[in-house]
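Going down the list, the sequences are from chains A and B. Quick note on numbering: the first sequence equals residues 4 to 280 in my numbering. Quick note on numbering: the second sequence equals residues 156 to 792 in my numbering.
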Amino acid sequence: MRYWSLLFLVTAVLVVAAFGVGAFDPSWWLPENVSLHGPLHIGAEVDHLFILILVITGLVFIGTQAALVWTLWRYPREFQPKATYQHGSQRLEVVWTIIPAAILVFIALYQLGAWTDIKFRSAQPKVPPIAEVTARQFQWLIRYPGPDGRIGTPDDLHTINDLHFVKNEPTVIHLKTRDVLHSFFLPAMRIKQDAVPGLTIPVWFDADRAGTYDLVCAELCGWGHYKMRGVVTVHETRRDFEEWASRALEEQNRSQLATIGGTVATASAATADAGGN
Amino acid sequence: MSTNSLGSADGNIEPVSEATRAEARAASEGGGHGDHGGHGHGHDDHVHPAPSNFLTRYIFSTDHKIIGIQFLFSGLLFFILGGLLALAVRWQLAWPWSRVPILSTIMEGEWKTGGQMPPEFYNKLFTMHATVMIFFVIIPLLTGAFGNFLIPLMIGARDMAFPKLNMLSYWFMWPAFILMLQSFVVEGGAAEAGWTSYPLLALFRWATPGSLNGQTLWLMSLLFAGVSSMMGSINYITTILMLRAPGMKLFRMPMTVWALFITALLQAFALPVLTSALVMQLLDRTVGTNFFTPVAWSVANQPGPVGGGQTILWQHLFWFYSHPAVYIMILPAMGIVSDVISTFSRKPLFGYKPMVFAIAGIAFLGFIVWGHHMFQSGMNPALGATFMLSTMMIALPSAIKTFNWIGTLWSGSIHFTTPMLFAIGFVSMFVIGGLSGIFMAATPVDMHIHDTYFIVGHIHYVLFGGSTFGIFAAIYYWFPKMFGRMMDERLGKIHFVLTFIFFNGTFFLMHIIGMHGHPRRIATPYEYEFLNRPGIHFMNEFMTVNALLLGASQLIVVYNFVVSLFAGPRASENPWRANTLEWATASPPPHYNFLKIPTVYHAAYEYSVPGVEEDYLPQTRPLPPASQQMVLEPARG
């Protein structure tokens, strides 16, 4: 039954075709990439490597499947009643050891540079961190320096699930967690880093387009893991960012005062109540 | 030989029962391989009779064949459970928060949500799906069921080296089974920290409901399963080294035995690390040690600061075992597939020695790649670069194996039987699983796809398209030897076609959806704006429909298995006309396997030998003189 080969052929064709659907529907492809032209352009390096590996593995896939399908088409028992008595071929073994080895070593060395650029401490941009991001079940607590420019002082700006930074600026955050493991994942900037209890890990990234993007928790962190969503806002200019920050700080101070006032009011009301009784 | 020799000169042997004599006689009549006397076989007279008591014969048996079948049945039962858990996972992903058929009705009272699955229940589903499939299905089926059943038969031994230890290794699985099942009904329910059980989520009772009690039972259960595997692996190593039949040199062993041997070595070296990690987590959870809690760690509502440990330590210990475990789950399937492909190509295995060295290479490299699970974990990125290199290199032996399988098929005389189809399916699908691994070996690319569905797609191409297809090939291939009856070929082929199609339908799009950034272990992706798109909805629903059909297709093999068990046509001694030793004895083999320990004359793959009338030449028959030269110098072929 040589027609068995067709099952494997059709499967291989469909598998390759699945990568083509991305041309018509962007959700069948890598997500939007906003780290292409910025100073760090991490996203550009990641996508370039992804596509390079996709092409190499795609060619290997097509080659092996073609050989398999052709073999199944050509050598069923009806067409080959007697198998060739053959135990192997040293020459072939050498060929198909050295060629894949060379390809794998090439991929390994080729991508080493990107990895050092992206994650080695030596590559960390020499800029003060824009914020400290502390993950907790199931929120991102984000703390920006206040007017004194330092994180950890009483004038800090606190937000929840709301990370802001500036277009085309290398941006560093300090990543921490307050409870379990979480993972800071910016799909649009191709950045992922686990938040580890007990460690403060610097993470850097950039964006070349203003807008809002998803911040994903990528490490299972409990029942609410699925809804641990943050939003990243990329501002067009530094001034936009600072305007937002000062507005947010004002808002924060006002609402804090209001809260204190509210508590006082409630407390005095309660006292009055007690006195009435 | 006469049945008298069964009685043995050994004084301490119980009298031979009538049943054994009958069995032995049947074996010698059906055998036809006793025609090459003339070599010493003094040791093979050491034969105990089969126990006549039902309890010691079928339940607390020390017979490796019965133990293998016990592993097979319990593994297949847990396969059903693991599969149902997976279907519930898929249902939630396709139609989040909708009523799950049957499950919602059963759980209505427990959930109190009007049939909507609570998110922590979803976390339990994928945690237990992976745990059951890995520790109770794939490992026990490949090493427990087929390892036990095949090793002594394929090397020409009467039983394992330590039959009682072997029995113990099966019965140590039962506490594991019971504890794991019990964890579903304790307060807080089953573990839900993923099968990787990363602290601190797994450590602290407040972290998630499954960490209340379920996690403790999970750890205890895996301790038992680990001890069971350890006992098995010691037994396999000893048996293969010490009990091979005369003439069965190491480089004459079938690939299945080679693969099981190297798998046993992997288990023996990797399991102690898992065991200590499990004990450490258990101590952290129960008596207040702090192996995995960092210095001065204080969480709201907890007593004062605790700690002094390191969270990432668990990941190192866990993956030091669990990466080799991935190879524990694939190497035996590779061995099985090599044997099946050679048999049904009627052609010697292409590159037997390179195949053996490739397995050994995978096993060796398998110990130095664990860090590739941890590129984004906060581990020093320089260390990541080292693991990247070793991970790239481990793709090489897998590639060599694939080329050799195709080389075996090439110019063979291919018989498309059901086991052969599953073996070819393995080759075809393992290529996808192997190649997708290269993406995550590349550290920068891994940064994007780590913890996404790309990884889930990859592991399922290796563990379903690979290991499970290998298991199906093995079931169809050795069923006649195990039970003395044939399975239905037509149903087998229908089962293969449907499984192959729906398997790809279920798992291939995971790569696409994963490269788009769809995280794994997430009760619904649609909280995120970049995933709440029609294309993502379509893919999730498509995969779920295929998964349901894939599950339904397995009813065919259940039916075929059960019916064939009782009513299948009787199998002859060697229905596939194969060379290896298990086919040189009756189907099913008598209690002590071989009436007379066979003598082995050549490697397992002498098919279509010129000058031999049939297209196969059992290992018990010498090669014709003309072809001797070619066998001695195989590499020049």
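Every residue gets a Cβ at the ideal spot worked out from N, C-alpha and C, and that includes glycine. Treat the numbers as computed from the prediction; the structure is a model and nothing was measured.
Can you tell me the Cα-Cα spacing of B/His198 and B/Phe424, whole angstroms?
As a first step, residue 198 of chain B must be located in the second sequence, where it is residue number 43. As a first step, residue 424 of chain B must be located in the second sequence, where it is residue number 269. Reliability of the predicted coordinates at B/His198 is poor, the pLDDT of 47 falling under 50, and the value obtained from them is presented with this limitation in mind. Cα to Cα, B/His198 sits roughly 32 angstroms from B/Phe424.
Establish whether the CB of A/Ala270 and some CB of chain B are separated by less than 9 angstroms.
For the purposes of this step, residue 270 of chain A is taken as the residue at position 267 of the first sequence. In this predicted model, A/Ala270 has a pLDDT of only 41, less than 50, meaning its place in the structure is not dependable; the value taken from the coordinates is given anyway. No - not a single Cβ of chain B is within 9 angstroms of the one on A/Ala270.
Please list, in chain order, the chain B residues whose beta carbon lies closer than 9 angstroms to that of A/Ile121.
Stepping through the first sequence from its first residue, residue 121 of chain A is reached at position 118. Correct list: Pro536, Thr598, Pro599, Met602.
Considering only C-alpha positions, which residue in the set A/Val199, A/Ala213, A/Val130 is nearest to A/Ala138?
Against the first sequence, residue 138 of chain A aligns to sequence position 135. Among A/Val199, A/Ala213, A/Val130, the Cα nearest to that of A/Ala138 is on A/Val199.
Please compile the residues from chain C whose C-beta is within a distance smaller than 7 angstroms of the C-beta of B/Ser500.
In the displayed structure, chain C is absent; the protein chains listed are A and B.
Could you give the residue range of the alpha helix (DSSP H) that holds B/Ile482?
Locating residue 482 of chain B in the second sequence gives position 327, where the first residue counts as 1. Correcting the residue type first, residue 482 of chain B is Tyr in the shown sequence and not Ile. Unbroken alpha helix (DSSP H) run through B/Tyr482: 466-500.
Apply the 10 Å Cβ neighbour rule to B/Ala300 and answer buried if 16 or more other Cβ atoms are within range, or exposed otherwise.
Taking the first residue of the second sequence as 1, we reach residue 300 of chain B at position 145. Buried.
DSSP bridge partner residues for B/Arg640 (one or two, in chain order):
In the second sequence, residue 640 of chain B corresponds to position 485, counting from 1. B/Arg725.
Helix, strand or coil for A/Gly265 per DSSP?
Reading the first sequence from its first residue, position 262 is the one you call residue 265 of chain A. Note that A/Gly265 scores a pLDDT of 48, beneath 50, so its modelled location is shaky; the value from the coordinates is reported in the next line. The three-state reading of DSSP puts A/Gly265 in helix, counting H, G and I together.
Which residues of chain A have a Cβ atom closer than 8 angstroms to the Cβ of B/Ala414, listed in chain order?
For the purposes of this step, residue 414 of chain B is taken as residue 259 along the second sequence, with counting starting at 1. The premise fails here: B/Ala414 is roughly 18 angstroms from chain A at the closest Cβ pair, so nothing lies under 8 angstroms.
Nearest-angstrom beta carbon gap, B/Val292 and B/Gly796 [assumed within contact, 8 angstroms]:
The structure shown has nothing for residue 796 of chain B, since chain B only spans 156 to 792.
Any beta-carbon of chain B closer than 9 angstroms to the one on A/Lys129?
Counting from one through the first sequence, the residue named residue 129 of chain A turns up at place 126. No, A/Lys129 lies away from the interface with chain B (no Cβ there is under 9 angstroms from its Cβ).
Measure from the C-beta of B/Glu178 to each C-beta in chain A and report whether the shortest distance is under 9 angstroms.
Translated into the one-based positions of the second sequence, residue 178 of chain B becomes position 23. Because the pLDDT at B/Glu178 is just 45, under 50, the model does not fix this residue reliably, and the point stays unresolved.
Would you kindly work out how many angstroms separate the C-alpha atoms of B/Tyr714 and A/Ser30, rounded to a whole number?
By one-based count along the second sequence, residue 714 of chain B stands at place 559. By one-based count along the first sequence, residue 30 of chain A stands at place 27. Rounded to whole angstroms, B/Tyr714 and A/Ser30 show a C-alpha spacing of 40 angstroms.
Alpha carbons only, please: which of B/Phe749, B/Leu750, B/Leu778 is nearest the one belonging to B/Ser763?
Taking the second sequence and counting its residues from 1, the one referred to as residue 763 of chain B is at position 608. Residue B/Leu778 is the option with its Cα nearest to B/Ser763.
Check whether the stretch 497-509 of chain B and the stretch 529-548 of chain B touch, using three or more Cβ-Cβ pairs below 8 angstroms as the test.
Too few Cβ pairs lie closer than 8 angstroms, so no.
For B/Asp190, count the other beta carbons within 10 Å of its own beta carbon; 16 or more makes it buried, fewer makes it exposed. Which is it?
Along the second sequence, one-based indexing puts residue 190 of chain B at 35. Below a pLDDT of 50, predicted positions are generally treated as unreliable, and B/Asp190, at 38, falls in that range; the measurement from the model is reported next regardless. Counting Cβ neighbours within 10 Å, B/Asp190 comes out exposed, since fewer than 16 surround it.
Could you check how far apart the C-beta atoms of B/Leu372 and B/Ala362 are, in whole angstroms? I think they sit under 8 angstroms.
Indexing the second sequence from 1 puts residue 372 of chain B at position 217. Indexing the second sequence from 1 puts residue 362 of chain B at position 207. No, B/Leu372 and B/Ala362 are not in contact; Cβ-Cβ is about 16 angstroms, not under 8 angstroms.
Enumerate, from N- to C-terminal direction, the unbroken alpha helix (DSSP H) stretches of 4 or more residues contained entirely within the stretch 146-186 of chain A.
The qualifying runs do not exist here; there are none.
Just list the residues that DSSP pairs B/Tyr762 with in beta bridges.
Numbered from its first residue, the second sequence carries residue 762 of chain B at position 607. Per DSSP, B/Tyr771.
With H, G and I counted as helix, E and B as strand and the rest as coil, what does DSSP make of B/Glu178?
Reading the second sequence from its first residue, position 23 is the one you call residue 178 of chain B. Only weak support is given to the placement of B/Glu178: the predicted model assigns it a pLDDT of 45, under 50, and the question is left unresolved by the model.
For the stretch 196-211 of chain A, enumerate the residues whose C-beta is nearer than 9 angstroms to any C-beta of chain B, in chain order.
Cβ proximity to chain B below 9 angstroms picks out Gln196, Asp197, Ala198, Val199, Pro200, Gly201, Leu202, Ile204 from the stretch 196-211 of chain A.
May I ask you to report which of helix, strand or coil DSSP gives A/Gln127?
For the purposes of this step, residue 127 of chain A is identified with residue 124 of the first sequence, where counting begins at 1. DSSP places A/Gln127 in the coil class of the three-state scheme, outside both helix and strand.
Is the CB of A/Pro34 under 9 angstroms away from at least one CB in chain B?
Within the first sequence, residue 34 of chain A is the residue found at index 31, counting from 1. By the rule that beta-carbons nearer than 9 angstroms mark a contact, A/Pro34 touches chain B.
Please report the distance separating the alpha-carbon of B/Leu653 from that of A/Arg5.
Start at 1 with the first residue of the second sequence, and residue 653 of chain B comes out as number 498. Start at 1 with the first residue of the first sequence, and residue 5 of chain A comes out as number 2. Approximately 18 angstroms, taken between the alpha carbons.
Span of the alpha helix (DSSP H) holding A/Glu48?
Taking the first residue of the first sequence as position 1, residue 48 of chain A is located at position 45. Secondary structure note for A/Glu48: its alpha helix (DSSP H) is the uninterrupted segment 45-77.
So, using beta-carbon positions, are A/Gly149 and B/Glu275 closer together than 9 angstroms?
The count along the first sequence starts at 1 and reaches residue 149 of chain A at position 146. The count along the second sequence starts at 1 and reaches residue 275 of chain B at position 120. A/Gly149 is not a Cβ neighbour of B/Glu275, given a cutoff of 9 angstroms.
What residues in the stretch 88-117 of chain A bring their beta carbon closer than 8 angstroms to a beta carbon of chain B?
From the stretch 88-117 of chain A, only Tyr88, Gln89, His90, Gly91, Ser92, Gln93, Leu95, Glu96, Trp99, Thr100, Pro103, Ala104, Leu107, Val108, Ile110, Ala111, Gln114, Leu115, Ala117 have a Cβ closer than 8 angstroms to chain B.
Going by DSSP, what residue range makes up the alpha helix (DSSP H) through A/Val16?
Position 13 of the first sequence, counting from 1, holds the residue named residue 16 of chain A. 7-21 is the extent of the alpha helix (DSSP H) around A/Val16.
Contacts around B/Leu438, its chain only, beta-carbon distance under 8 angstroms, and the 5 residues preceding and following it disregarded
Taking the second sequence and counting its residues from 1, the one referred to as residue 438 of chain B is at position 283. So the qualifying residues of the chain are Thr444, Phe446.
Beta-ladder partner(s) of A/Ala134, from DSSP:
Here residue 134 of chain A corresponds to residue number 131 of the first sequence, with the count starting at 1. When DSSP reads this structure, A/Ala134 sits in a beta bridge with A/Ile176.
Considering just the uninterrupted stretch of the alpha helix (DSSP H) at B/Gln247, what are its terminal residues?
Taking the first residue of the second sequence as position 1, residue 247 of chain B is located at position 92. DSSP places B/Gln247 inside the alpha helix (DSSP H), whose first and last residues are 219-249.
Might you give, ordered along the chain, the residues of its own chain that have their beta carbon closer than 6 angstroms to the beta carbon of B/Gly580, omitting 5 neighbours on each side?
As a working mapping, residue 580 of chain B is identified with position 425 in the second sequence. Taken in chain order, the residues that qualify are Phe624, Phe655.
Beta-carbon gap between B/Thr466 and A/Leu184 smaller than 9 angstroms
Position 311 of the second sequence, counted from the first residue, corresponds to residue 466 of chain B. Position 181 of the first sequence, counted from the first residue, corresponds to residue 184 of chain A. Yes, these two residues count as a Cβ contact at 9 angstroms.
Could you work out which residues of chain A lie near B/Met548, taking near to mean beta carbons separated by less than 7 angstroms?
Position 393 of the second sequence, counting from 1, holds the residue named residue 548 of chain B. Per Cβ cutoff of 7 angstroms: Leu107.
Could you tell me the alpha carbon to alpha carbon distance between B/Glu173 and B/Met547, rounded to whole angstroms?
Here residue 173 of chain B refers to the residue found at position 18 of the second sequence. Here residue 547 of chain B refers to the residue found at position 392 of the second sequence. Bear in mind that the predicted position of B/Glu173 carries a pLDDT of just 42, short of 50, making it too unreliable to give a figure here.
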